[in-house]
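Colleague: 566 is the number that numbering that gives the first Met the number 0 gives the last residue of the first sequence; the numbers go up by one with no jumps.
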Amino acid sequence: MRWSQAHIPTLRDDPSEAEAASHRLLIRAGYMRQLMAGHYSLLPAAMRIREKIMRIIREEMNAIGGQEFLLPTMHPAEVWQASGRLDYMGDEMFRLVDRKGSEVVLGMTHEEIFTTVATELVSYKRLPQTWYQFQTKFRDEPRPKSGLLRVREFTMKDSYSFDLDESGLDASFDRHHDAYARIFERMGLEAIPVDASVGAMGGTGSIEFMVRSDAGEDWIATCSCGYAANLERATSTLPAIEDPAEVPGTEPFPTPGVRTIADLVELTGLPADRQVKTLVYIADDAPVLVLLRGDHDLMEQKLIDGIGTGQVRPAHEEEIVELLGAHPGSLGAVGVAGQRIIADPALQGRRDLMTGANEDDVHLRNVDVDRDIAVSEWMDLRSVAAGEPCIECGAPISLDKTIELGHIFKLGRMYTESLGVTVLDEDGKARVPIMGSYGIGVERALATAAEVYHDEHGLAWPMALAPWEVVITVIRPDDALAGGESERIYAELTEAGIDVILDDRAERPGVKFADAELVGIPVRLTVGPRGLADGIVELAERATGEKRDVAVADVVREVVDLVHSQR
RNA sequence: CGGGACGUGGCGCAGUUUGGCAGCGCGCAGCGUUCGGGACGCUGAGGUCGUCGGUUCAAAUCCGACCGUCCCGACCA
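(1) Assuming Val422 and Leu120 are in contact, meaning their beta carbons sit under 8 Å apart, how far apart are those beta carbons, in whole angstroms?
(2) List the DSSP bridge partners of Asp162.
(3) Which residues share a DSSP beta bridge with Ala550?
(4) What three-state label does DSSP hand Met53 in the structure shown?
(5) Can you tell me whether Lys276 is buried or exposed, with buried defined as 16 or more other CB within 10 angstroms of its CB?
(6) For the alpha helix (DSSP H) that contains Met413, what are its first and last residues?
(7) How would you label Ser145, buried or exposed, when you count the other beta carbons within 10 angstroms and need 16 or more for buried?
(8) Enumerate in chain order the residues of its own chain whose CB-to-CB distance from Arg412 is below 8 Å, with the five nearest sequence positions on each side excluded.
(9) By alpha-carbon positions, which one of Ile390, Gly305, Ser329, Glu318 ends up nearest to Met378?
(10) In chain order, which beta strand (DSSP E) runs of at least 3 residues are fully inside the stretch 95–176?
(11) Measure from the alpha carbon of Leu517 to the alpha carbon of each residue in Gly527, His456, Glu540, Ala180, then state which is nearest.
(12) Are the beta-carbon atoms of Thr525 and Thr472 separated by less than 8 Å?
(13) Run through DSSP, which three-state label would Pro556 get?
(14) In the structure shown, what three-state DSSP assignment does Thr277 receive?
(15) Along the beta strand (DSSP E) that carries Tyr39, what are the first and last residues, could you check?
(16) For the alpha helix (DSSP H) holding Glu318, just list the boundary residues, first then last.
(17) Tell me the rounded alpha-carbon separation between Ala285 and Glu318.
(18) Measuring only the C-alpha atoms, how far is Ser417 from Val78?
(19) Helix, strand or coil: how does DSSP classify Ile26 here?
(20) Compute the Euclidean distance between the alpha carbons of Asp157 and Ser436, then round it to the nearest angstrom.
(21) Looking at C-alpha atoms only, which residue of Ala495, Gly386, Asp503 is the closest neighbour of Glu486?
(22) Give, in chain order, every unbroken run of the alpha helix (DSSP H) that is at least 4 residues long and sits entirely within the stretch 313–396.
(23) Name the two residues that bound the continuous beta strand (DSSP E) containing Ile206.
(24) Between the stretch 474–481 and the stretch 225–241, do at least 3 Cβ pairs fall closer than 8 Å?
(25) Would you say Ile402 and Ala5 are within 8 Å of each other, going by their C-beta atoms?
(26) Out of Val470, Glu67, Asn229, Arg547, point me to the one whose CA is closest to Phe133's CA.
(27) How far does the beta strand (DSSP E) with Trp467 in it extend, from its first residue to its last?
(28) Report the partner residues of Gln66 according to the DSSP bridge assignment.
(29) Could you tell me the distance, in whole angstroms, from the CA atom of Leu445 to the CA atom of Ile52?
(30) Could you give the residue range of the alpha helix (DSSP H) that holds Asp217?
(31) By alpha-carbon positions, which one of Pro395, Asp399, Lys136, Arg57 ends up nearest to Arg443?
(32) Classify His563 as helix, strand or coil using the three-state DSSP reduction.
(33) Of all the options Gly106, Gly83, Tyr87, which has the alpha carbon lying nearest to the alpha carbon of Arg94?
(34) For Gly324 and Asn357, I'd like the C-alpha separation in whole angstroms.
(35) Hey, out of Lys546, Gln274, Val469, whose CA is closest to Leu330's CA?
(36) Pick out whichever of Arg370, Val361, Gly334 has its Cα sitting closest to the Cα of Asp351.
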C-alpha cells in the first residue's frame, strides 16, 4: 500500500465529541467515522485490523473443530416467539414489518436461528457439533457510548455447541474456554476469565473474559490466588463480629429526622455493621423485603439471579408505606409476618443490632436476627468491596473496571426444546441435545486493544493486530536515491510477506512521523538522502520509541526477523 | 427514561449576552521557495449558521416546537 493512495484521513485536532481514548484515537487516526449514535463506518485501516482479529478467531475456532456458517441477520418474529424471547428482549430488539405485513426482527444473537438448522441433527452420531459465524448483531442500546465499545450494530463471532449430554457440554465449554484464552493472548490482550451471572434466561454456568480498562463498564473482583469473578457474582469472607451472647427484648426509640444508615450511626454512635438495612423490592408483582448489613450494598443482579426472575424493581414509596406503614428510613423486618423476607448471610446469627420500627422516626434496638426476624431465605446479596478477604485464600481482593470481550455460556436445553430438536440415541430413544453459546465482540476487541495500546502520540498496535506492520517513511520521495531505495525495500518486504505501507506522500518529514505514530504502526523505517549517504536507514519501534541505524544491505532481513518475532 | 452540555465550511472553535455584510486557526486546490519531527509566501475554493414555525424593516443572535450528538445516571441475553 502506498500512503499517497490510501484513505487514512488523520486529523490534527482531537474530535470534540470523543472522550474515551479508543474513540478519540480511532477517529483522529483515520480508522472510523460516525454515522449516527452507535453506528460507525469502518475505514480501510480499521478493516485490516478487524480482518486480523477475525483471522485469529477463525483459526482458533477451526482448531477446536468449529465449522463456519453465515446465518441471516433478519429473522421472522415467529422464531423468537417460539423461544419465548420476543417479549423478553423488549425494546432492545429492532423490529420491522415487511411489505406483506410480516413481522421481522434484526438478530441480537443467533441461538434460535442456529437451532433451526440443528433440527436436522437427527442422530446422536452427528454430535457433538460446534458451529460458528461472524455476523452483524443489532441491539437497540438505550445509550450507545465510548465509540466502538458500546454500539447498536457490531460484528460478533458467535458459536454454539450441540452435545448429547452434560458431560459433552462440559467438554465443549472447556474447549471454548481454552480457545478464548489463546485468542485473546494472540491479540495481546490480558483477558481474565471470571465467574459471571448466567442472567435471567437460565443456564448452568457462564464465564466472561474481561480486560482491565478505565473505559470499561463492568467491575470484577480478583485475587492474587487466581480467584476472579464479576462483581455480580463475587463473594468474600467477612471478619467475624463479636456480638453479646444474649440481648434483652427489642426496644423502640425515637430517631427524628433519621433517613439513612449514616444518620443512624451519627445519632447512636453504633457502627454501620450493627445496623440492618431494609429494602423493599417488587419481584413478579409481589413485594420482597431485602435485608443487608448496614455497611453493605445490594448487588441487584444477585437478587435477580437468586429469585430467578428478571421482573425485579425497587418498590415505589407509596407501595412501601402501604406494605409496612412507614417511609424509607424507618423500615425494618422485625415482627413482619406473611411476607417474603430475603436476608444476606452477613446477618445470620447477629445480635444487638438496630433496625427501623416501621413507624416513621422510630427505630428498634436490641435486635436478635434469629429471634426477631422471620427470614424466609438466606441469599448472598451484598456487593463485595475492595480489600475484603478472598473467599478462596483470605488475601485482600481487588476490584477493577473492565471491558467484557467474550462470554461463554452453558445454555442448557431451552432452545433445542422450544424449537423441537431431538436426536435418537444409541437405544433409539429421542433425546434433546444440550447447547452452549459463546461470543466475542470483534470491533469491541479492536477498541479494547486501542484502549490498552496507546500513548500521548497516538495508537501503538501489537504486531498481531497492526493494520500495517511496517511503514517506510520516505524523506524526500523526489530524491532519486531515497525514492529508489525505499521502493526496493518496499518491494522486498512485500515479497517477504510483510504488511508494509510506503509513505511516499510529498509531505514534510514531521507530518509523516506524526502520522505514523498516530496510526500506530509498530515498525518505522526512515529512508532519506542523509542516511543513505552513509549507507543506513533508521529503524524505530513504536511501542518502545527505540531507534537504531541499520545498514541498507541488512534492513530487509532485520525487519523480517523483527516482525516475525513479534507476530 | 431522568439530569447536564452542545449543534456555525472537512476538523477545532469565536460570534448569540446587547438583532444590522458569517469570521478565525487547521485542513483543502494552484504557483513558488523549502524539506531528518506537524515550514513559509502569494492566489483561491468551500457554510440553506441542525430543522420547522414565529417576532421584526432586519434573525446565527430573540421566542416556540422538533431533530440530532456527547457526558452522568437508570438500563445492558
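Don't be surprised by glycine CBs; every beta carbon is placed ideally from N, CA and C.
Modeller: In short, the structure shows the following:
(1) 6 Å between Cβ atoms; contact.
(2) Asp162 is bridged to Ile433.
(3) According to DSSP, which records beta bridges pairwise, Ala550 is partnered with Ile535.
(4) Here Met53 sits in helix by DSSP.
(5) Residue burial is scored here from C-beta neighbours: Lys276 has at least 16 other C-beta atoms within 10 angstroms and is therefore classed as buried.
(6) Per DSSP, the unbroken alpha helix (DSSP H) holding Met413 starts and ends at 413–417.
(7) Ser145 comes out buried.
(8) A distance below 8 Å between beta-carbons, with the five flanking residues on each side excluded, links Arg412 to the following residues of its chain, in chain order: Val431, Pro432, Ile433, Met434.
(9) When Ile390, Gly305, Ser329, Glu318 are compared, the shortest CA-CA separation from Met378 is found for Gly305.
(10) The qualifying runs are 102–105, 128–137, 152–162.
(11) Checking every option, the nearest Cα to that of Leu517 belongs to His456.
(12) In this structure, Thr472 lies closer than 8 Å to Thr525 by Cβ.
(13) In the sequence as presented, Pro is not what sits at residue 556; that position holds Arg. Looking at Arg556 - three-state DSSP - the assignment turns out to be helix.
(14) Of the three classes helix, strand and coil, the one that applies to Thr277 here is strand, per DSSP.
(15) Taken as a continuous stretch (DSSP letters only), the beta strand (DSSP E) holding Tyr39 covers 38–41.
(16) Start and end: 316–323.
(17) Straight-line spacing of the CA atoms in Ala285 and Glu318 works out to 11 Å.
(18) Cα atoms of Ser417 and Val78: separation of roughly 10 Å, rounded to the nearest angstrom.
(19) Correct three-state label for Ile26: helix.
(20) Whole-angstrom Cα-Cα distance: 7 Å.
(21) Of Ala495, Gly386, Asp503, the residue nearest in Cα terms is Asp503.
(22) Fully enclosed alpha helix (DSSP H) runs of 4 or longer: 316–323, 368–371.
(23) For Ile206, the enclosing beta strand (DSSP E) begins and ends at 204–211.
(24) Three or more Cβ pairs closer than 8 Å define a contact, and the stretch 474–481 falls short of that threshold against the stretch 225–241.
(25) Taking 8 Å as the Cβ cut-off, Ile402 and Ala5 do not qualify as a contacting pair.
(26) Ranking the options by Cα distance to Phe133, first place goes to Glu67.
(27) Per DSSP, Trp467 belongs to no beta strand (DSSP E) and is neither H nor E.
(28) Gln66 pairs with Trp130.
(29) Distance between the alpha carbons of Leu445 and Ile52 is about 8 Å.
(30) Boundaries around Asp217 are those of the beta strand (DSSP E), 217–221, since no alpha helix (DSSP H) includes it.
(31) When the alpha-carbon of Arg443 is set against those of Pro395, Asp399, Lys136, Arg57, the nearest one is in Lys136.
(32) In the structure shown, His563 falls within a helical segment according to DSSP collapsed to helix, strand and coil.
(33) Closest option to Arg94, Cα to Cα, is Gly106.
(34) Rounded to the nearest angstrom, the two C-alpha atoms are 6 Å apart.
(35) Residue Gln274 holds the alpha-carbon nearest to the alpha-carbon of Leu330 among Lys546, Gln274, Val469.
(36) Nearest option by C-alpha distance: Arg370.
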